[in-house]
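*Asks:*
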Amino acid sequence: MRHEIAMKKLVEYVARKASALSQKYALEDLVSPSIAPVLAKSIDRIASTIARKNGGLWCNLCEKGPFTKRGFYLHLIRVHARDIESMVQEEMRRITEALKR
Ligand SMILES: [Zn+2]
């Protein structure tokens with residue numbers, strides 16, 4: 039799978055997780071099986087960092103809200119795709135480095 043497409047799907051995956059929407063893809067289909075289980079934990083952490091529940095969903099990246107699940111997903115994809123992408127890339131770098139040791 040081409041890198042750009044995989045990263046776009048990973049960003050969607052994180053946004054869906056943060057918005058508590060059901061996933062369209064399994065993480066194992068987006069990244070190599072060797073890192074999927076570890077990355078799943080990182081993504082849980084990223085998702086809980088960017089979302090806050092308080093009578094709806096609030097964005098911890100820009101303090102906007104409250105959003106519905108769908109509204110929050112769209113907000114993350116439209117406004118914060120690059121923020122999420124760099125968080126995911128950082129985690130993948132960390133995991134890959136740890137696996138080399
Ligand atoms: Zn935001």
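Following our numbering, the numbering of the sequence shown begins with 39 at its first residue and continues without gaps. Where a beta carbon is used, it is the ideal one built from N, C-alpha and C, also for glycine. Just so we're clear, the structure is a prediction, and the values are computed from it rather than from any experiment.
Pick out whichever of Leu-65, Gly-93, Ile-115, Lys-107 has its Cα sitting closest to the Cα of Ala-44.
*Replies:* Leu-65
*Asks:* Apply the 10 Å Cβ neighbour rule to Arg-54 and answer buried if 16 or more other Cβ atoms are within range, or exposed otherwise.
*Replies:* Buried, since its Cβ has 16 or more Cβ neighbours within 10 Å.
*Asks:* For His-118 and Ile-133, what's the separation of their Cα atoms in angstroms?
*Replies:* 23 Å
*Asks:* By the DSSP assignment, the alpha helix (DSSP H) with Leu-65 in it spans what residues?
*Replies:* 65-68
*Asks:* Measuring only from the beta carbon, is Val-117 closer than 6 Å to any heavy atom that is part of ligand 1?
*Replies:* yes
*Asks:* Taking 7 Å as the threshold (C-beta atoms), are Val-49 and Glu-101 in contact?
*Replies:* Cβ atoms of Glu-101 and Val-49: not closer than 7 Å.
*Asks:* Does the beta-carbon of Leu-95 have 16 or more other beta-carbons within 10 angstroms, so that it is buried, or is it exposed?
*Replies:* Buried, by the Cβ-count rule.
*Asks:* CB of Leu-112 to nearest heavy atom of ligand 1: below 6 Å?
*Replies:* For Leu-112, the shortest C-beta to heavy atom distance toward ligand 1 is 6 Å or greater.
*Asks:* Going by the DSSP bridge assignment, what does Lys-79 pair with across the sheet?
*Replies:* DSSP, once it has assigned bridges, lists no residue as partnering Lys-79.
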